[in-house]
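**Student:** Once you know that position 161 of the sequence shown is 195 in the numbering used here, the rest is easy, because the numbers rise by one and skip nothing.
C-beta atoms are modelled at their ideal positions from N, C-alpha and C, and glycine is treated no differently.
Let me begin by handing over the structure; questions about it come next.
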Amino acid sequence: MTRCFSQILPAVALVVAALRGVTAATPSTGCGNAPKLITDAAATTPLSLTSNGKNREFYVKLPENYDNSHPYRLIFTLHALGGNAQQVTVGNGGYLPWYGIPALANDTLGAVYIAPNGLNNGWANQGREDVTFLETVMETVEADLCIDQNLRFSTGFSYGAAMSFSLACSLGKQIRAVAALSGNPMISGCVGGTEPVAYYGQHGTKDSVLPIAGGRQMRDRFVKNNGCTAQSPPEPAAGGKHVKTAYSGCGDYPVVWNAFDGDHTPQPMDPGAAETFSAVESWEFFSQFE
């Protein structure tokens, strides 16, 4: 009986791991090496590189007690139109610092955060140039730091949501999941867009800048790509709390939709709440993948 149990337990562990989105890490080339480019200073002083002949900047936040033998998840945090990466890093202009995710992530699920600057304070992505830039940033960071190449993510608000959506379209084999907060499928484009990518979408029913119809279109692309069961998820009545829907049938690529009664904001709050639900929901979605 003991021997049978010892044979069964590893199989059970594998099943549980699969259900939780656990996969073996794929370490980047920076693993095992002391960083040569990125230090703690990169969280406040931007690094730069040339992409498509243009000088581009980005900030990088290291996890506490960075360990070059531990493959960390990588999370892009993309600003909105008229914003910039520095606002994302310090938490002004309507943002929480790094979208509030580091405050929720614990040491065992630490991450490397990247806040890049868009051209002209936006992500028009003309000729796919912003996808190329972010892909180059990813390669640069992964050559210097220890990153799990199975755990790459992107989040952003408004234009940053549109660009996260565009990354999911163009780099579907490289991006594990995105959290798109009040975006639109047209403004950063969607080259490709046929690969499954885990998708969290959030949008206000009264959005006067980028109406919720665009957010639904973004969501529905990945409902289809991910093989989820199509549905028309409920949305809140006026004055109601946000309504969260987890789609079924999505397998390893879950889709979650959060509709709230409100306008265009990165920090929506339920009636009577003191804090936004946005950071908690985004991190809950990303942290399920290990």
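Closer than 6 Å by C-beta to Trp157: which residues in its own chain qualify, once you throw out the five before and the five after it? Chain order, please.
**Tutor:** Counting only Cβ-Cβ distances below 6 Å, and skipping sequence neighbours, we find Asp164, Tyr193, Met197, Ser222.
**Student:** In this structure, how does DSSP classify Val290 when only helix, strand and coil are distinguished?
**Tutor:** Three-state result, Val290: strand.
**Student:** From the DSSP output, in three-state form, read off Asp164 for me.
**Tutor:** Three-state DSSP puts Asp164 in a helix.
**Student:** Any idea which residues DSSP pairs Gly223 with across the strands?
**Tutor:** According to DSSP, Gly223 bridges with nothing at all.
**Student:** Quick one, are the C-beta atoms of Ala293 and Pro270 less than 8 Å apart?
**Tutor:** Their beta carbons are under 8 Å apart, which means Ala293 touches Pro270 by this criterion.
**Student:** Between the alpha carbons of Thr228 and Ala211, how many angstroms are there, rounded?
**Tutor:** One C-alpha to the other measures close to 14 Å.
**Student:** Leu81 and Val94 look like a contact to me (Cβ under 8 Å); what is the Cβ gap, rounded to whole Å?
**Tutor:** That belief holds up - the Cβ atoms of Leu81 and Val94 are roughly 7 Å apart, short of 8 Å.
**Student:** Can you look up Gln322 in the DSSP assignment and give me helix, strand or coil?
**Tutor:** DSSP places Gln322 in coil when its eight states are reduced to three.
**Student:** Considering only C-alpha positions, which residue in the set Gln183, Pro219, Val175 is nearest to Glu324?
**Tutor:** Cα-wise, what sits closest to Glu324 is Gln183.
**Student:** What residue ranges within the segment 93-155 form continuous beta strand (DSSP E) runs of no fewer than 3 residues, ordered along the chain?
**Tutor:** For the segment 93-155, whole beta strand (DSSP E) runs of length 3 or above, ordered along the chain, are 106-112, 145-150.
**Student:** Identify, in the order they occur along the chain, each residue of the same chain with its Cβ nearer than 6 Å to the Cβ of Gly144, setting aside the five sequence neighbours on each side.
**Tutor:** Answer for Gly144: Pro97, Tyr106, listed in chain order.
**Student:** Pop quiz: Ile148 and Val175 are said to be a contact at Cβ under 8 Å. What is the actual Cβ separation, rounded to whole angstroms?
**Tutor:** Right, their Cβ atoms sit about 6 Å apart.
**Student:** Pick out whichever of Thr310, Gly249, Ala177, Pro268 has its Cα sitting closest to the Cα of Pro69.
**Tutor:** It is Ala177.
**Student:** Rank Asn86, Val257, Gly152 by C-alpha distance to the C-alpha of Val289 and give the top, closest one.
**Tutor:** Checking every option, the nearest Cα to that of Val289 belongs to Val257.
**Student:** What span of residues does the alpha helix (DSSP H) with Phe199 cover, start to end?
**Tutor:** Taken as a continuous stretch (DSSP letters only), the alpha helix (DSSP H) holding Phe199 covers 193-204.
**Student:** Output yes or no for whether 8 Å exceeds the beta carbon distance between Gly128 and Gln301.
**Tutor:** Contact flag set, yes.
**Student:** Which stretch, first to last residue, makes up the beta strand (DSSP E) that contains Gly235?
**Tutor:** Taken as a continuous stretch (DSSP letters only), the beta strand (DSSP E) holding Gly235 covers 232-238.
**Student:** CB Leu168 to CB Leu215, shorter than 8 Å?
**Tutor:** Taking 8 Å as the Cβ cut-off, Leu168 and Leu215 do not qualify as a contacting pair.
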